[in-house]
Each structure stands twice: as C-alpha cells, then as structure tokens.
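**Student:** Once you've had a glance at the structure underneath, I'll fire off some questions.
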Amino acid sequence: MTNLLLDPVLLKSFVAVVESGSFTRAGDRVHLSQSTVSQHLRRLEELLGCELLDRSGRYVVTTESGACLLVHARKLLTLMEEAVADMRDNQAQGEIHLGVPEDFAADLLTPLLAGFARDNPALRLEVASGLSNTLWQQFCAGSYDLVLIKQRQGHTLGTGAWPEPLAWLDSQAHPCWQQDPLPLVVFPVGGLYRDEMIHALESCGRRWRISYSSASLASLRSAVASGLGVSLLPARLAGAGHVRLDETQGFAALPPLELVLHCRPEPHQRVKALAARLVALCDEVMR
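Under this note's numbering, the first residue of the sequence shown carries the number 17, and numbering increases by one thereafter.
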C-alpha cells in the first residue's frame with residue numbers, strides 16, 4: 017500500500033459520481049460511458065481494498081472511507097489542474113493551442129487563423145481537428161487553450177454557444193432510405209452525430225448497419241451523395257447531391273446540438289483576441 021499510486025482518471029470518475037449522485041450523470045460529466053465509470057470505481061476500490069460508495073439508496077453516496085478519499089481526491093485533482101495551468105502560463109507568450117471539430121467551416125476558419133498568425137508573427141499557433149469528445153477530454157487535461165466542440169445543448173457552459181440543427185441526409189440520385197437494414201454513413205466510434213443517429217434509429221426499432229465510416233467530413237458527404245447510405249449531419253452541410261429526409265419517410269427531426277467555444281480560465285490577451293475572432297466567425301457561420 018505504501019507504494020500505491022492513484023490514477024487521476026479513476027479519481028476524476030470517483031469525484032464525478034459523488035458530486036452527481038449517479039453513474040450515468042457522472043459519465044456525461046467526464047464524457048465516458050456509464051460502464052467505463054463503473055469499471056473505474058471498481059478498480060479504485062480494488063486498489064484501496066475498501067468500499068467507497070453506498071449504492072443502496074436512490075442516490076449514490078460515499079461510505080466513510082469514500083468520504084475520506086473524496087477530500088484527498090479533490091485536492092489532488094486541483095493540484096494537477098494548477099500544475100497544468102502554471103506550465104501553460106509559462107508558455108503563454110509564445111504558443112496558442114486550438115482544437116476544432118473536423119466538420120466546422122474549414123474554408124472560413126483557415127483564413128481567419130492565417131490572418132491571426134500574420135498579425136502575431138512571434139506567436140506559434142497550433143491547431144488540431146478531431147472528434148468533439150476527444151477534444152473536450154484533451155481540453156480538460158490542459159492540452160488546449162481554446163476548443164470548439166459539438167455537444168448536446170446546455171451540457172457545459174462556454175465562452176460562446178450556437179445551436180446546430182441536424183438533418184437526415186440521403187443521396188438525391190441513389191436514395192437508400194427504404195433499404196432494410198438501413199445503411200449508415202458515420203464518423204468513427206465516439207462521434208456525437210453517430211451516437212445520436214444510432215440512438216434515434218434504435219428508439220424507433222429501425223434496423224441498421226454501418227456501410228461507410230470515416231473521420232473526414234468531405235468523405236462522409238461524398239459517400240452519402242454517391243448512395244452508400246444515410247447520415248445525420250448539420251443541416252447547413254446539405255449539398256447539391258443530398259436530399260433531406262423527414263417524418264413522412266420515418267426519420268423524425270432530432271433536437272439541435274450545440275457548437276460551443278471553451279477557453280481555459282484566466283487566458284492571456286492573445287488567447288482572448290483569438291477567442292473574439294472565433295466568436296465573430298461562429299456568429300456569421302451559425303446564424
């Protein structure tokens with residue numbers, strides 16, 4: 017026990033369960049599945065050799081041992097966040113790290129970023145694109161100064177937020193919507209559109225299969241237009257080769273998602289300046 021080191025990922029799941037009172041809500045908070053959070057708690061209890069949670073009531077609460085750990089877990093996580101923040105501050109004058117979703121307006125975003133870089137020639141701007149879930153976890157771990165992510169509406173508050181209406185898209189020339197099982201064109205596992213699409217189909221008892229998967233938005237749009245399958249994507253991305261499906265074909269409208277800009281606490285002035293430009297761009301693109 018004296019050489020035991022506690023994984024901060026396990027501690028973060030533990031604190032999330034205690035603070036939310038539920039494994040499901042904790043999973044939403046830390047962007048992990050309920051089963052993964054449960055595995056984290058079992059692993060933590062195995063490592064410490066004691067029960068940390070009382071699961072017998074309506075809400076999950078700590079045992080006496082869990083209450084003791086909770087105090088230390090919060091301190092440890094706070095110290096880690098402070099350490100990351102201090103390291104980022106040391107580099108703040110020379111670098112900005114930005115994460116953006118793959119499907120967000122690359123033709124408008126890249127000129128904005130290039131212009132910002134030209135206006136700040138001594139600054140090193142690093143931009144990465146990816147799935148929103150991954151970007152959010154990396155932002156929480158201190159990897160980014162700013163992230164644009166897609167999320168369910170109201171999930172977390174940010175510097176700016178814009179609704180993102182969704183649409184079921186099919187090929188105009190080679191429609192697939194009547195096929196059974198329904199062929200789907202999707203982002204890789206963990207993609208928010210993929211999760212929303214599959215949940216909606218399973219809720220109405222529609223059979224489906226994955227026909228095409230790619231992390232590239234351009235590839236997905238092309239696959240749909242070519243007739244490889246149906247997809248759920250932002251409505252603003254429907255192209256000339258696409259047709260939108262609706263309730264008359266068995267595809268109910270889904271609630272909008274949300275594009276949110278997150279900025280790390282107490283950002284330096286150049287991060288604030290880039291955030292302001294991103295807000296202006298999102299106001300234009302998402303209106």
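Quick reminder that beta carbons are idealized off the backbone N, C-alpha and C, glycines included.
With 16 other CB atoms within 10 Å as the buried threshold, where does Gln315 fall?
**Tutor:** The requested residue 315 does not occur in the structure, where the chain is confined to residues 17 to 303.
**Student:** According to DSSP, which residues form a beta bridge with Cys279?
**Tutor:** Leu162
**Student:** Should Val87 be labelled buried (16 or more other beta-carbon atoms within 10 Å of its own) or exposed?
**Tutor:** Under a 10 Å Cβ-count criterion, Val87 is classified as exposed, with fewer than 16 other Cβ atoms of the shown protein chains found around its own Cβ.
**Student:** Where in the stretch 159 to 208 do unbroken runs of the beta strand (DSSP E), each at least 3 residues long, occur, reported from the N-terminal end onward?
**Tutor:** 162 to 168, 176 to 180, 182 to 187 and 198 to 202
**Student:** Contact between the stretch 175 to 190 and the stretch 237 to 253: three or more CB pairs below 8 Å?
**Tutor:** yes
**Student:** Count the other C-beta atoms from every protein chain shown that fall within 10 angstroms of the C-beta of Ala291, then say buried if there are 16 or more, exposed otherwise.
**Tutor:** buried
**Student:** Taking 8 Å as the limit between beta carbons, can you name the residues of its chain near Gly170, skipping five residues before and five after?
**Tutor:** Glu274
**Student:** How should Gly115 be labelled, buried or exposed, when 16 other C-beta atoms within 10 angstroms of its C-beta is the threshold for buried?
**Tutor:** Residue environment: Gly115 is assigned as buried (16 or more neighbouring CB atoms within 10 Å of its CB, all protein chains considered).
**Student:** Buried or exposed for Ser49, please, with buried defined as at least 16 other CB atoms from any protein chain shown within 10 angstroms of its CB.
**Tutor:** exposed
**Student:** According to DSSP, is His258 part of a helix, a strand, or is it coil?
**Tutor:** strand
**Student:** Tell whether a beta-carbon distance below 8 Å holds between Ala89 and Val31.
**Tutor:** yes
**Student:** Anyone know if the C-beta pair for Val295 and Pro191 falls short of 8 Å?
**Tutor:** no
**Student:** State the start and end residues of the unbroken alpha helix (DSSP H) segment that holds Glu62.
**Tutor:** Element bounds for Glu62: Gln50 to Leu64.
**Student:** Relative to the C-alpha of Arg225, which candidate in Val287, Lys28 and Leu198 has its C-alpha closest?
**Tutor:** Cα-wise, what sits closest to Arg225 is Leu198.
**Student:** Output the residue ranges of the alpha helix (DSSP H) runs that lie fully inside the stretch 208 to 274 and measure 4 residues or longer, sorted by chain position.
**Tutor:** 208 to 219 and 233 to 242
**Student:** Residues in its own chain within less than 8 Å of Gly174 by CB, not counting five upstream and five downstream?
**Tutor:** Val276, Leu277, His278 and Cys279
**Student:** Using CA atoms only, rank isn't needed, just tell me which of Tyr75, Phe267, Thr79 and Ile112 is closest to Ala138.
**Tutor:** The residue with the shortest Cα to Cα distance from Ala138 is Ile112.
**Student:** Helix or strand or just coil, what does DSSP make of Ala32?
**Tutor:** In the displayed model, Ala32 falls within a helix according to three-state DSSP.
**Student:** Should Cys84 be labelled buried (16 or more other beta-carbon atoms within 10 Å of its own) or exposed?
**Tutor:** With fewer than 16 other Cβ atoms inside 10 Å of its own Cβ, Cys84 counts as exposed.
**Student:** Closest by CA to Gly206, which one among Ser187, Ala231 and Cys220?
**Tutor:** Ala231
**Student:** In angstroms, rounded to a whole number, what distance separates the CA positions of Ser36 and Gly43?
**Tutor:** Gly43 has its alpha-carbon roughly 10 Å from the corresponding atom of Ser36.
**Student:** Roughly how many angstroms separate the alpha carbons of Leu128 and Val287, rounded to a whole number?
**Tutor:** Between Leu128 and Val287, the C-alpha separation is close to 14 Å.
**Student:** Tell me the DSSP secondary structure of Ser81 in three-state form.
**Tutor:** helix
**Student:** If we count the other Cβ atoms within 10 Å of its Cβ and call it buried at 16 or more, is Asp135 buried or exposed?
**Tutor:** exposed
**Student:** Quick check on DSSP: helix, strand or coil for Ala138?
**Tutor:** Here Ala138 sits in coil by DSSP.
**Student:** Can you tell me whether Asp70 is helix, strand or coil according to DSSP?
**Tutor:** strand
**Student:** Assign Arg74 to buried or exposed, taking buried as 16 or more other Cβ atoms, counted over all protein chains shown, within 10 Å of its Cβ.
**Tutor:** Counting Cβ neighbours within 10 Å, Arg74 comes out exposed, since fewer than 16 surround it.
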